[in-house]
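Structure first, commentary second.
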Amino acid sequence: MAVSAMNYLQEHIWLPILIGIVSFIVLLLLIFLAYKLYRRCTRYDYTPLRDDLALPEKLSQARQIQRNEVRDDALLNFQFYMRSHNPKYSFSQHLPDMGSRVDKHWFLVREHGKWKDLVVTQCSKSPGCPLPFSSSNQKTIRDMLLDLQHPYIWPTADIDLWEEHEVVIVTQEFNSNGSLKDYIYNAKAKLDWSNKYGMKSRGLALKQIRLFGLQILKGALYLQENGFPPHCHIQAGNVIIKKGACRLSGYENVFLGYTSKLLPVIRRLLKEKPEAIDSLCMGHLLYEMGAGKELEEAVPTRAQLNRCQHPELIQLLEFIFDVAGDYPSLSDIADHHFFADVKLTELKKHPPQNIHLTAAMKALIKAAKKGKVLKNKNKSSSKRAPTTNGDLANSSQSKPSSAPAVTIPPPPLIQLAVPPPPSVPAPPPAVGFAQSSNNSNAARDVPNTEGRGALLSDIKKGMNLKKTVTRDKSAPKV
5 MAVSAMNYLQ EHIWLPILIG IVSFIVLLLL IFLAYKLYRR CTRYDYTPLR
55 DDLALPEKLS QARQIQRNEV RDDALLNFQF YMRSHNPKYS FSQHLPDMGS
105 RVDKHWFLVR EHGKWKDLVV TQCSKSPGCP LPFSSSNQKT IRDMLLDLQH
155 PYIWPTADID LWEEHEVVIV TQEFNSNGSL KDYIYNAKAK LDWSNKYGMK
205 SRGLALKQIR LFGLQILKGA LYLQENGFPP HCHIQAGNVI IKKGACRLSG
255 YENVFLGYTS KLLPVIRRLL KEKPEAIDSL CMGHLLYEMG AGKELEEAVP
305 TRAQLNRCQH PELIQLLEFI FDVAGDYPSL SDIADHHFFA DVKLTELKKH
355 PPQNIHLTAA MKALIKAAKK GKVLKNKNKS SSKRAPTTNG DLANSSQSKP
405 SSAPAVTIPP PPLIQLAVPP PPSVPAPPPA VGFAQSSNNS NAARDVPNTE
455 GRGALLSDIK KGMNLKKTVT RDKSAPKV
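Numbering follows our numbering, with no gaps: position 353 of the sequence shown is 357.
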């Protein structure tokens with residue numbers, strides 16, 4: 005039978021060829037179907053993972069995307085600020101959000117030819133800022149802060165009031181060990197604020213609480229004795245630890261109108277005695293050092309006090325958070341027997357220097373204490389008084405245009421087109437940049453072009469940007 009089959013195939017040679025071709029086509033078809041099925045399965049396996057996200061995860065993802073966009077814009081603004089205002093510094097790193105203030109950004113820079121790292125904070129002007137942004141006020145607050153010399157005060161290297169865009173730029177030395185809050189929670193300084201303080205700490209030893217507490221009190225009292233307003237921002241994140249000593253920072257916030265995150269918690273206690281804000285903030289700080297956790301209420305309960313391991317600290321906290329509302333001053337807290345045996349060697353080695361306050365400094369301090377806007381006798385040159393049509397016509401005939409030179413603008417703040425001139429002579433429209441108050445919609449509507457994305461990419465890579473020159477053509481032609 006096998007022989008007959010072979011003879012049949014020899015007589016019909018086309019049959020095995022046809023079978024082979026059909027088999028090959030069927031094999032290709034099976035491979036194609038398997039490939040399409042694989043692509044379909046993988047696609048449908050991935051899509052539900054995105055669509056079936058829980059609502060909190062979707063909101064968190066949207067917030068993160070929005071925050072990244074804000075950080076990118078802040079980085080662009082800061083880079084162009086460095087080029088136009090502070091060319092002596094070189095940009096090193098855009099740090100994570102190291103604090104709880106949402107409109108504040110941290111950058112690591114280094115002065116050319118030096119190896120010391122500096123941290124630069126960029127924050128929008130507060131609506132309640134008592135200090136008008138001008139060159140004279142900038143010089144006043146800069147000279148006053150640079151005069152602070154105390155072993156328990158963290159120095160300020162520079163402060164700049166970016167008048168064109170209403171942004172505060174503060175430069176200080178960067179401490180890689182971080183703040184007292186980082187020390188309490190054993191966290192790294194460069195981590196994001198929202199991720200490194202979630203776990204409860206064991207608290208500090210009694211000896212450390214006494215030493216650190218008195219050092220912070222001496223720094224705050226130094227400011228008070230030199231006529232400064234209440235600090236209002238005494239908290240663990242504003243205390244820098246260096247070489248075993250605590251140094252108080254954040255003292256510039258009261259002059260810039262920034263409120264403390266503790267203010268909503270203790271506001272009720274300050275109605276009858278508002279000057280006790282520093283004492284209450286100090287009580288919250290001492291509690292956090294002892295309990296290893298922030299105090300969420302204005303006054304600690306008995307159960308919360310028992311979380312502190314040291315009976316001596318509990319007595320001090322009971323003294324600070326007086327039930328009758330007769331809160332002690334910072335001097336009374338420093339004189340408490342809790343700090344009786346503490347020796348401050350840094351005060352003997354580096355005695356503090358008194359501050360010589362000028363009349364402008366005293367006026368600034370007075371305005372900050374009252375919470376009122378400081379009145380300037382000399383108005384800023386960037387803000388001009390309104391001019392009538394007749395005066396403008398006379399001035400345009402007598403002298404050429406006096407339009408100021410335009411500095412290099414940051415790319416997120418888009419230049420506005422000059423409107424057509426009216427039929428009657430009128431003041432020429434100033435060429436400006438979109439501000440956050442009036443033209444925020446115009447800035448938001450600007451598309452994210454490829455050039456801007458490439459610029460941001462170059463900035464993140466640390467590439468040098470070419471200097472540009474702008475020509476001011478806003479002056480009226482006579």
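Glycine included, every Cβ here is placed at the ideal spot set by N, Cα and C.
Helix, strand or coil at Pro415 [DSSP, three-state]:
To locate residue 415, count along the sequence shown from 1; it is residue 411. Bear in mind that the predicted position of Pro415 carries a pLDDT of just 42, short of 50, making it unreliable; the figure below should be weighed with that in mind. Pro415 falls in the coil class under three-state DSSP.
Proximity winner among His116, Leu348 and Ile69, relative to Pro91 (alpha-carbon distances):
Along the sequence shown, one-based indexing puts residue 91 at 87. If we check each option's Cα against that of Pro91, His116 comes out closest.
For Arg105, which of Leu273, Asp162, Trp197 and Pro136 has the nearest alpha-carbon?
For the purposes of this step, residue 105 is identified with residue 101 of the sequence shown, where counting begins at 1. Ranking Leu273, Asp162, Trp197 and Pro136 by CA distance to the CA of Arg105 puts Trp197 first.
When Pro136, Asn81 and Ser138 are compared against Phe111, the one with the closest alpha-carbon:
As a first step, residue 111 is located in the sequence shown; it is residue number 107 there, counting from the start. Here the closest residue by C-alpha is Asn81.
Anyone know if the C-beta pair for Ile157 and Gly223 falls short of 8 Å?
Indexing the sequence shown from 1 puts residue 157 at position 153. Indexing the sequence shown from 1 puts residue 223 at position 219. Yes, these two residues count as a Cβ contact at 8 Å.
Can you tell me the Cα-Cα spacing of Arg87 and Phe95, whole angstroms?
For the purposes of this step, residue 87 is taken as the residue at position 83 of the sequence shown. For the purposes of this step, residue 95 is taken as the residue at position 91 of the sequence shown. Their Cα atoms are separated by approximately 10 Å.
Put Tyr93 into one of helix, strand or coil per three-state DSSP.
One-based indexing of the sequence shown puts residue 93 at position 89. Correct three-state label for Tyr93: strand.
Spatial distance of Pro414 from Ser140 (CA atoms)
Your numbering for residue 414 matches position 410 in the sequence shown. Your numbering for residue 140 matches position 136 in the sequence shown. Confidence at Pro414 is low in this model, with a pLDDT of 44, below 50, so its placement is unreliable and the value that follows should be read with caution. So the alpha carbons of these two residues sit roughly 24 Å apart.
Mind checking Tyr291: buried by the 16 CB within 10 Å criterion, or exposed?
If you number the sequence shown from 1, residue 291 lands on position 287. With 16 or more other Cβ atoms within 10 Å, it is buried.
Residues near Glu168 in its chain [Cβ-Cβ closer than 6 Å; skip 5 each side]:
Walking along the sequence shown from the start, residue 168 turns up at place 164. Contacts found: none.
Just to confirm, is the Cβ distance from Asp282 to Ile238 under 8 Å?
Position 278 of the sequence shown, counted from the start, is the residue given in the question as residue 282. Position 234 of the sequence shown, counted from the start, is the residue given in the question as residue 238. Result yes, Cβ atoms of Asp282 and Ile238 sit closer than 8 Å.
Using the three-state DSSP reduction, which class does Ile270 fall into: helix, strand or coil?
Taking the first residue of the sequence shown as position 1, residue 270 is located at position 266. Helix, per DSSP.
Would you decide whether Leu4 is buried or exposed? Buried here means 16 or more other CB atoms lie within 10 Å of its CB.
Nothing in the structure corresponds to residue 4, since the chain is present only between 5 and 482.
Spell out a yes or no on whether the region 213 to 223 and the region 335 to 349 are touching, meaning 3 or more CB-CB pairs, one atom from each, closer than 8 Å.
Yes, the region 213 to 223 is in contact with the region 335 to 349.
Return helix, strand or coil for Lys383, following the three-state DSSP convention.
Against the sequence shown, residue 383 aligns to sequence position 379. Below a pLDDT of 50, predicted positions are generally treated as unreliable, and Lys383, at 45, falls in that range; the measurement from the model is reported next regardless. Reduced to three states, the DSSP call for Lys383 is coil.
Less than 8 Å between the CB atoms is what I'm expecting for Ala240 and Ile188, so what's the real figure, rounded?
The residue you call residue 240 lines up with position 236 of the sequence shown. The residue you call residue 188 lines up with position 184 of the sequence shown. Their Cβ separation, rounded to whole angstroms, is 6 Å, which keeps Ala240 and Ile188 in contact under 8 Å.
Spatial neighbours of Leu284 within its chain, please: C-beta separation below 8 Å, excluding the five flanking residues on both sides.
Position 280 of the sequence shown holds residue 284. Within the same chain, Leu284 has close Cβ partners Leu266, Ile270, Leu273, Leu274, Ala302, Ile324, Phe325 and Tyr331.
Does the count of Cβ pairs from the region 168 to 179 and the region 122 to 138 closer than 8 Å reach three?
Touching, yes.
At which residue ranges does the region 316 to 391 contain complete alpha helix (DSSP H) runs of 4 or more residues, listed in the order of the chain?
334 to 338, 349 to 353 and 363 to 374
Between Arg206 and Gly296, which are expected to be in contact by the criterion C-beta below 8 Å, what is the C-beta distance as a whole number of angstroms?
Here residue 206 refers to the residue found at position 202 when the sequence shown is read from its first residue. Here residue 296 refers to the residue found at position 292 when the sequence shown is read from its first residue. The Cβ separation is near 5 Å, so the contact holds.
Measure the C-alpha to C-alpha separation of Asp339 and Glu322 and round it to an integer number of angstroms.
Locating residue 339 in the sequence shown gives position 335, where the first residue counts as 1. Locating residue 322 in the sequence shown gives position 318, where the first residue counts as 1. If I take the Cα positions, the gap works out to 15 Å.
Figure out for me which residue from Asn310, Met102 and Tyr12 has the closest Cα to the Cα of Arg75.
Residue 75 sits at position 71 when you count from the first residue of the sequence shown. When only C-alpha atoms are compared, the closest one is Met102.
Could you work out which residue in Pro159, Glu279 and Lys204 is closest to Arg251 when comparing CA atoms only?
Residue numbering aside, residue 251 sits at position 247 when the sequence shown is read from its first letter. If we check each option's Cα against that of Arg251, Pro159 comes out closest.
Measure from the alpha carbon of Leu378 to the alpha carbon of each residue in Ser138, Lys120 and Glu61, then state which is nearest.
By 1-based counting over the sequence shown, the position of residue 378 is 374. Cα-wise, what sits closest to Leu378 is Ser138.
For Cys285, the first and last residue of its enclosing alpha helix (DSSP H):
Taking the first residue of the sequence shown as 1, we reach residue 285 at position 281. In the DSSP assignment, Cys285 falls within the alpha helix (DSSP H) that extends over Ile281 to Ala295.
Can you name, in chain order, every residue of its own chain whose Cβ lies under 6 Å from the Cβ of Arg311, other than the five neighbours on each side?
Mapped onto the sequence shown, residue 311 falls at position 307. The residues are Ala295.
If you drop the 5 nearest sequence neighbours on each side, which residues of the same chain put their C-beta closer than 8 Å to that of Gln212?
Within the sequence shown, the letter at position 208 stands for residue 212. Same-chain partners within the cutoff: Met293.
Return the chain-ordered list of same chain residues with a C-beta closer than 6 Å to the C-beta of Asp162, the five sequence neighbours on each side being excluded.
The sequence position of residue 162 within the sequence shown is 158, counting from 1. Excluding residues within five positions, the ones whose Cβ falls inside 6 Å are Thr175.
By the three-class DSSP mapping on this structure, what secondary structure does Arg146 have?
By 1-based counting over the sequence shown, the position of residue 146 is 142. Helix at Arg146.
Measuring alpha carbon to alpha carbon, tell me which of Ile245, Asp107 and Ser180 ends up nearest Ala193.
The residue labelled residue 193 in the question sits at position 189 within the sequence shown. The residue with the shortest Cα to Cα distance from Ala193 is Ser180.
Own chain residues within Cβ distance below 6 Å of Tyr201, not counting five before or after:
Here residue 201 refers to the residue found at position 197 of the sequence shown. For Tyr201, where only same-chain residues beyond five positions count, the Cβ hits under 6 Å are Tyr189.
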